[in-house]
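One structure below.
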């Protein structure tokens with residue numbers, strides 16, 4: 215067994231917590247992995263290195279493979295470390311990034327269970343971004359969003375819905391989930407503008423998870439079929455591993471087993487986020503959080519507890535990508551794009567690729583540095599995806615802000631990642647405290663910091679370079695923003 219988490223949160227009917235979810239490897243072929251349940255022993259007794267054998271759980275007309283411990287000595291399996299280079303670096307000139315700027319940002323009301331129509335939130339954010347840039351709706355000739363039409367409180371209805379709501383006539387629109395993270399929709403807009411297809415692309419991301427969950431509790435949502443569908447979930451749902459909390463917790467277990475550290479390391483990320491959120495009037499949770507509060511909070515999926523998980527919310531964020539030659543006509547300070555990172559270097563899987571760190575982040579992280587002469591030490595602000603605290607720890611290492619396995623030491627005490635530290639991290643409170651605006655909130659905050667309009671949370675020293683990374687799993691992406 216190479217990874218294990220004990221689920222404590224009741225995510226799925228028929229799975230009564232606590233229960234052990236694990237990733238096992240086959241003796242005959244260590245490359246063969248399977249997410250499964252460990253049965254016939256107390257969940258707290260399951261551990262990495264434990265020897266297990268397959269059995270079968272009969273569920274209706276389906277036989278599901280599960281595993282039980284056997285009386286043999288533990289066996290360590292040393293997993294390969296992630297690929298840390300981009301095998302085909304792209305030359306620095308010409309760069310499409312040089313042809314674009316981020317010209318406007320906007321945000322709707324952000325909150326828990328607002329019970330506001332998601333399209334209304336989207337319109338509010340989009341109109342705010344257009345006004346911020348000093349443009350009019352007639353200037354907008356492109357739209358880009360993530361993930362397009364989708365249920366479960368994860369979308370406003372897609373680009374077409376916004377075209378109709380704002381009565382736009384775009385040349386180009388884009389929406390879909392298979393991009394380099396949520397900000398891949400912004401990168402797509404950059405490409406459209408740099409190619410000359412569009413001049414001003416309105417990008418937006420809307421969530422209404424908190425209201426959707428409440429409507430579900432009240433029985434006001436249509437029921438979904440019980441049968442599993444979709445290849446990526448078929449290997450996880452039969453074992454009660456329905457949440458990203460489970461999948462990321464499995465990886466965190468292998469990371470701490472290999473490199474050391476533990477929950478306190480993740481706690482410093484959560485505490486830093488809360489300290490920054492206390493200075494952000496738009497953050498959902500602003501009350502003080504201590505390490506004792508963090509450690510005493512209820513567990514969700516070991517080693518992840520309540521404060522390791524981002525805050526489901528309702529809200530929308532919009533960003534406008536404009537042609538660089540429009541910069542002088544804008545109302546707000548334009549922000550340039552230094553470099554993007556999008557490369558895929560491993561399998562797009564939660565359990566078949568990298569298992570020591572968050573999957574599919576080392577490719578984009580290595581790629582971004584091939585498109586610039588800058589180095590990690592040049593970055594003055596880091597806005598790194600923290601859907602879970604371990605995501606953020608993985609990004610710190612992948613992007614080279616510290617070495618492999620050194621993330622726990624880097625964040626220890628919170629001084630290095632504080633607002634006045636060497637790498638101010640998630641200065642608005644991140645998704646752990648400000649709210650799960652699903653990637654776009656980091657872009658909004660990076661632009662705010664580079665413009666110098668962060669108010670009480672503004673990083674000192676007039677920062678001119680910011681890293682933004684988004685994507686809590688597969689695939690992901692990142693980019694460097696700069697203010698000239």
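In the working numbering, the protein residues as written are 215 to 698.
Cβ atoms here follow ideal geometry from the backbone N, Cα and C, with glycine treated the same way.
Since we're looking at a predicted model, the values are computed, not measured.
Check: So, using beta-carbon positions, are residue 468 and residue 237 closer together than 9 Å?
Finding: yes
Margin query: Within 10 Å of its beta-carbon, does residue 491 have 16 or more other beta-carbons around it, so buried, or fewer, so exposed?
Written below: buried
Next item on the list: Check residue 388 in the structure and name its three-state DSSP category.
Entry: strand
Check: Ordered along the chain, which non-local residues of its own chain (more than five positions away) have a Cβ less than 6 Å from that of residue 670?
Finding: 493
Item checked: Limits of the unbroken beta strand (DSSP E) element including residue 339 -> Looking at the DSSP string, residue 339 is not in any beta strand (DSSP E); the run it does join, the alpha helix (DSSP H), is 332 to 347.
Margin query: I'd like the list of long-range same chain contacts for residue 598, defined as Cβ closer than 6 Å, with 5 residues on each side in sequence excluded.
Written below: 606, 609 and 683
Item checked: Inter-stretch contact (C-beta, 8 Å, three-pair minimum) for the region 564 to 571 and the region 459 to 477 -> yes
Next item on the list: Check each candidate in 549, 353, 587 and 389 and name the one with the smallest Cα separation from residue 420.
Entry: 389
Check: In terms of residue numbering, what span does the beta strand (DSSP E) encompassing residue 357 cover?
Finding: 356 to 359
Note to self: If the criterion is Cβ atoms closer than 9 Å, does the pair residue 673 and residue 695 meet it?
What the structure shows: no
Next item on the list: For residue 391, collect the residues of the same chain with a Cβ closer than 8 Å to its Cβ; drop the 5 residues on either side in sequence, then sort them by chain order.
Entry: 360, 361, 362 and 364
Item checked: residue 597 - partner residues in DSSP beta bridges -> 682
Checklist line | the region 450 to 463 contacting the region 216 to 223, beta-carbon criterion three pairs below 8 Å | finding: yes
Margin query: Does residue 499 come out as helix, strand or coil in the three-state DSSP assignment?
Written below: coil
Next item on the list: Please state if the CB of residue 248 and the CB of residue 449 are separated by a distance shorter than 9 Å.
Entry: yes
Note to self: Would the region 282 to 294 count as touching the region 372 to 382 if we require 3 or more Cβ pairs under 8 Å?
What the structure shows: no
Next item on the list: Could you name the residues that DSSP lists as bridge partners for residue 282?
Entry: 267
Notebook entry, point to check: Cα separation between residue 290 and residue 558?
Noted result: 28 Å
Notebook entry, point to check: Beta-carbon separation of residue 482 and residue 628 under 9 Å?
Noted result: yes
Next item on the list: Whole angstroms is fine: what's the gap from residue 625's alpha carbon to residue 587's?
Entry: 26 Å
Margin query: Determine whether the beta carbon atoms of residue 311 and residue 408 lie at a separation below 9 Å.
Written below: yes
Checklist line | Endpoints, the beta strand (DSSP E) within which residue 251 is located | finding: 247 to 252
Note to self: What ranges does the beta strand (DSSP E) occupy inside the region 561 to 600, keeping only unbroken runs of at least 3 residues that lie completely in it?
What the structure shows: 595 to 598
Margin query: Am I right that residue 601 and residue 335 are in contact with their C-beta atoms under 8 Å? What's the rounded C-beta distance?
Written below: About 20 Å separates the two Cβ atoms, so there is no contact after all.
Next item on the list: Decide if the region 499 to 508 is in contact with the region 537 to 555; the criterion is three or more beta carbon pairs, one per stretch, under 8 Å apart.
Entry: no
Next item on the list: Note down the Cα distance separating residue 424 from residue 487, rounded to an integer number of angstroms.
Entry: 20 Å
Next item on the list: Check residue 673 in the structure and name its three-state DSSP category.
Entry: coil
Check: Could you give the distance in angstroms between the alpha-carbon of residue 621 and the alpha-carbon of residue 309?
Finding: 32 Å
Note to self: To the nearest angstrom, how far is the alpha carbon of residue 518 from that of residue 278?
What the structure shows: 27 Å
Checklist line | residue 260: first and last residue of the uninterrupted alpha helix (DSSP H) it sits in | finding: Per DSSP, residue 260 belongs to no alpha helix (DSSP H) and is neither H nor E.
Item checked: Alpha carbon of residue 381 to alpha carbon of residue 426, nearest angstrom -> 27 Å
Next item on the list: Locate the beta strand (DSSP E) running through residue 553, then write down its first and last residues.
Entry: 549 to 555
Next item on the list: Can you tell me which of the three DSSP states residue 528 falls into?
Entry: strand
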